[in-house]
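Q:
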Amino acid sequence: MKKVTHTFMALFQRWHLSLFEKVILVNTLMLIGEALAGLWVTSHNLESHHYLIDTSFIILATLLTLFTNIFLLRISFRPLFGLLSTIRAISAGSTSARAPLSSSDTEINELAQSFNTMLDRLEEVRREQTALILQAQEDERRRIALELHDETGQSLTALLVHAELLHQKLQVLPGTAIAKDTRKHIEEGLQQLVKLTQGTLENIRVLAQQLRPSVLDDLGLLAAFRWLVADSAERLHITVDLHIEGVKDGMRNLSPDYETALFRIAQESLTNIARHAQTRYATLTLREDAAHIYLQVQDQGCGYNPQQQQRGMGLFGMRERAMLLGGTLTLDAHPGQGTTVSVVLPLSCKQESAANELPARQATAEETYYGY
337 MKKVTHTFMA LFQRWHLSLF EKVILVNTLM LIGEALAGLW VTSHNLESHH
387 YLIDTSFIIL ATLLTLFTNI FLLRISFRPL FGLLSTIRAI SAGSTSARAP
437 LSSSDTEINE LAQSFNTMLD RLEEVRREQT ALILQAQEDE RRRIALELHD
487 ETGQSLTALL VHAELLHQKL QVLPGTAIAK DTRKHIEEGL QQLVKLTQGT
537 LENIRVLAQQ LRPSVLDDLG LLAAFRWLVA DSAERLHITV DLHIEGVKDG
587 MRNLSPDYET ALFRIAQESL TNIARHAQTR YATLTLREDA AHIYLQVQDQ
637 GCGYNPQQQQ RGMGLFGMRE RAMLLGGTLT LDAHPGQGTT VSVVLPLSCK
687 QESAANELPA RQATAEETYY GY
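Structure follows, in structure tokens:
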């Protein structure tokens, strides 16, 4: 008996059947065996004219029992099928998929609940880690920008001042102190040094602003968006039409996390337009109501097929920034019809302490940024 059981299990493993298929196969074999036994008994105990009738009833009863068995088993296994579909969806990258709960099977329902709880916890840990990574990136950007501004910028400024002083001293030296050709060569070298230093200093300033615009920390999101529009025109050569709706100028009613997320999403979207959209025009819209803040970046460029995975476009990072604040980011793109990035963030985390008017001296500083 043990040998027969072992052979039977080996066949099951070799066929690679699912649990549902194994149960169906076992029940089918049992029904066929019972039907054959019934037919054998019938053939030995009944007259020939009753044999065909009884055989037909036995076959019909066997088929009815078999199909009823398959139907009931499929209903019973449906929660497991749902759990399996959830696992496949998660493997395909859909981290929001959850197993459906069953009201008919306590054990499977408990298994699905435990599985969903595990997924929720993993998603929570992933978001916490993502938040830490993004915060670390912003801190490092801020530190590098500050170091470029304070250390490298000051050193280059000092070098520029010394080069200009040397150039001035050279001009007041008597003509007999240095040969004419030597003087001309030194003057040209000093002028070139001044130009190179000025260019490097300007590049450092631009790089520091791109890493972490000081206007975002000093004046807030609206001023940062105006700087972003000007920077996009100068550096990316795209004209951005900025629309502000329902957001009061000079107000700091958003937390730093919100301001950073919205600014980075807008910055990345405009960079994508410059790189991929094959257009030089874009629209940037920021709108706020009582419960949400909305950001939309739209272009009328070449678009692309959203079904095709786009590498190097920063979509994952933008979505993560929106999701960490309980919001959503949607991408509407069609070949030849442009692309629209839409962000919706709830305002549940608004900072009440940040809802005050900016001091007048900060408004003056904003005028300095834009040359008003």
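Its first residue numbered 337, the sequence shown is counted upward by one per residue in the working numbering.
Glycine is no exception: its CB is placed at the ideal position from the N, C-alpha and C atoms.
Given the structure is predicted, the values throughout are model-derived calculations rather than measurements.
Say whether the region 445-455 touches the region 419-434, bearing in mind that this needs 3 or more beta-carbon pairs closer than 8 Å, one atom from each stretch.
A: yes
Q: For E595, count neighbouring Cβ atoms within 10 angstroms of its own Cβ and tell me buried if that reaches 16, exposed if not.
A: For this step, residue 595 is matched to residue 259 along the sequence shown. So E595 ends up on the buried side.
Q: Name, in chain order, the residues that DSSP records as bridge partners for R623.
A: Counting from one through the sequence shown, the residue named residue 623 turns up at place 287. Per DSSP, E581 and Y630.
Q: Only counting the same chain, and skipping five residues up and downstream in sequence, which positions put a Cβ closer than 7 Å to that of R282?
A: The structure shown has nothing for residue 282, since the chain only spans 337 to 708.
Q: For L683 versus A597, is the C-beta spacing smaller than 8 Å?
A: Reading the sequence shown from its first residue, position 347 is the one you call residue 683. Reading the sequence shown from its first residue, position 261 is the one you call residue 597. No, the pair does not count as a contact, with Cβ atoms beyond the cut-off.
Q: Among Q636, L501, C638 and T675, which one has its Cα closest to the Cα of L651?
A: Start at 1 with the first residue of the sequence shown, and residue 651 comes out as number 315. It is T675.
Q: Around the Cβ of R307, are there at least 16 other Cβ atoms within 10 angstroms (buried) or fewer (exposed)?
A: Here the chain covers residues 337 to 708 and nothing more, so residue 307 does not appear.
Q: Going by other Cβ atoms of all chains shown within 10 Å of its Cβ, with 16 needed for buried, is R457 buried or exposed?
A: In the sequence shown, the residue the question calls residue 457 occupies position 121. R457 should be labelled exposed.
Q: Among the candidates L620, R623, F599 and R571, whose CA atom is the shortest distance from the CA of R541?
A: Indexing the sequence shown from 1 puts residue 541 at position 205. That would be R571, whose Cα lies nearest to the Cα of R541.
Q: Does the region 490-500 come close enough to the region 530-547 that 3 or more CB-CB pairs lie under 8 Å?
A: yes
Q: Which residues does DSSP list as the beta-bridge partners of P682?
A: Locating residue 682 in the sequence shown gives position 346, counting from the first residue. DSSP output for P682 lists H628 as bridge partner(s).
Q: Hey, could you find the ends of the beta strand (DSSP E) T666 is sitting in?
A: For the purposes of this step, residue 666 is identified with residue 330 of the sequence shown, where counting begins at 1. T664 to A669 is the extent of the beta strand (DSSP E) around T666.
Q: Could you tell me whether the Cβ atoms of A544 and L484 are closer together than 8 Å?
A: Reading the sequence shown from its first residue, position 208 is the one you call residue 544. Reading the sequence shown from its first residue, position 148 is the one you call residue 484. Yes, the Cβ-Cβ distance between A544 and L484 is below 8 Å.
Q: Beta-carbon separation of L564 and A602 under 8 Å?
A: As a working note, residue 564 is residue 228 in the sequence shown. As a working note, residue 602 is residue 266 in the sequence shown. For L564 and A602, yes; Cβs fall inside 8 Å.
Q: Using 10 angstroms around the beta-carbon of T475, count the other beta-carbons present and answer buried if the total reaches 16, otherwise exposed.
A: Walking along the sequence shown from the start, residue 475 turns up at place 139. Reading the sequence as shown, one finds Asp at residue 475 and not Thr. Burial call: exposed.
Q: For T676, name the three-state secondary structure that DSSP assigns.
A: Counting from 1 along the sequence shown, the entry for residue 676 is found at position 340. Strand.
Q: Helix, strand or coil, according to DSSP, for E703 in the structure here?
A: The residue labelled residue 703 in the question sits at position 367 within the sequence shown. In this predicted model, E703 has a pLDDT of only 39, less than 50, meaning its place in the structure is not dependable enough to derive any value.
Q: Tell me the rounded alpha-carbon separation between T466 and G672.
A: Here residue 466 corresponds to residue number 130 of the sequence shown, with the count starting at 1. Here residue 672 corresponds to residue number 336 of the sequence shown, with the count starting at 1. Rounded to the nearest angstrom, the two C-alpha atoms are 34 Å apart.
Q: I need the straight-line Cα distance from L532 to H503, nearest angstrom please.
A: Within the sequence shown, the letter at position 196 stands for residue 532. Within the sequence shown, the letter at position 167 stands for residue 503. The alpha-carbon atoms of L532 and H503 are separated by roughly 14 Å.
Q: Look up Y594 in the DSSP assignment and say whether it is helix, strand or coil.
A: Looking up residue 594 in the sequence shown gives position 258. Three-state result, Y594: helix.
Q: Taking the alpha helix (DSSP H) that L552 falls in, what are its first and last residues?
A: Position 216 of the sequence shown, counting from 1, holds the residue named residue 552. It spans S550 to L555 - the alpha helix (DSSP H) in which L552 sits, taken as one unbroken run.
Q: Ordered along the chain, which non-local residues of its own chain (more than five positions away) have a Cβ less than 7 Å from that of R657?
A: Translated into the one-based positions of the sequence shown, residue 657 becomes position 321. Its chain contains L470, A597, R600 and I601 as the residues whose beta carbon lies nearer than 7 Å to that of R657, once the 5 sequence neighbours on both sides are disregarded; these appear in chain order.
Q: Look up T575 in the DSSP assignment and say whether it is helix, strand or coil.
A: If you number the sequence shown from 1, residue 575 lands on position 239. The answer is strand: DSSP assigns T575 an E or B state.
Q: Apart from the five residues just before and just after E624, which ones in its own chain have a Cβ nearer than 6 Å to its Cβ?
A: Translated into positions along the sequence shown, residue 624 becomes position 288. Excluding residues within five positions, the ones whose Cβ falls inside 6 Å are G582 and V583.
Q: Measure the Cβ-Cβ separation of Y630 and V679 and say whether it is below 8 Å.
A: Taking the sequence shown and counting its residues from 1, the one referred to as residue 630 is at position 294. Taking the sequence shown and counting its residues from 1, the one referred to as residue 679 is at position 343. Result yes, Cβ atoms of Y630 and V679 sit closer than 8 Å.
Q: Excluding sequence positions up to five away, which residues of its chain have a Cβ less than 7 Å from the Cβ of V551?
A: The residue labelled residue 551 in the question sits at position 215 within the sequence shown. Excluding positions up to five away in sequence, the list reads A559, A560, W563 and Y705.
Q: For D668, which residues of its own chain have a beta-carbon under 6 Å away from its beta-carbon, when the five flanking residues on both sides are left out?
A: For this step, residue 668 is matched to residue 332 along the sequence shown. Here D668 has T676 as same chain residues with Cβ atoms under 6 Å from its own Cβ, once five neighbours each way along the sequence are excluded.
Q: Hey, how far is the Cα of D554 from the Cα of I609?
A: Walking along the sequence shown from the start, residue 554 turns up at place 218. Walking along the sequence shown from the start, residue 609 turns up at place 273. Near 27 Å, if we compare the C-alpha coordinates of I609 and D554.
Q: Quick check on DSSP: helix, strand or coil for A435?
A: Indexing the sequence shown from 1 puts residue 435 at position 99. In the structure shown, A435 sits in coil (DSSP, three-state: anything other than H, G, I, E or B).
Q: Here's a check: name, in chain order, each residue in its chain whose Cβ is nearer than 7 Å to the Cβ of A433, leaving out the five neighbours to either side.
A: Taking the first residue of the sequence shown as 1, we reach residue 433 at position 97. Excluding its 5 nearest sequence neighbours in each direction, A433 has C-beta neighbours in its own chain below 7 Å: T422, A425 and I426, listed in chain order.
Q: In chain order, what residues of the same chain have a beta carbon less than 7 Å from the beta carbon of T364, not counting five sequence neighbours either side?
A: Stepping through the sequence shown from its first residue, residue 364 is reached at position 28. Only L402 meet the Cβ criterion.
Q: Under the assumption that A618 contacts V633 (Cβ atoms under 8 Å), give the Cβ distance between them as a whole number of angstroms.
A: As a working mapping, residue 618 is identified with position 282 in the sequence shown. As a working mapping, residue 633 is identified with position 297 in the sequence shown. Contact holds; Cβ gap of about 7 Å.
Q: Between L482 and V530, how many whole angstroms is the CB-CB distance? I'm expecting something under 8 Å.
A: For this step, residue 482 is matched to residue 146 along the sequence shown. For this step, residue 530 is matched to residue 194 along the sequence shown. Rounded, the Cβ-Cβ distance is 26 Å, inconsistent with contact.
Q: Can you name the start and end residues of the alpha helix (DSSP H) that G653 belongs to?
A: Position 317 of the sequence shown, counted from the start, is the residue given in the question as residue 653. Residues L651 to L660.
Q: So, with DSSP's three-state summary, where would you put A448?
A: Counted from its first residue, the sequence shown places residue 448 at position 112. Residue state, collapsed to three classes: helix.
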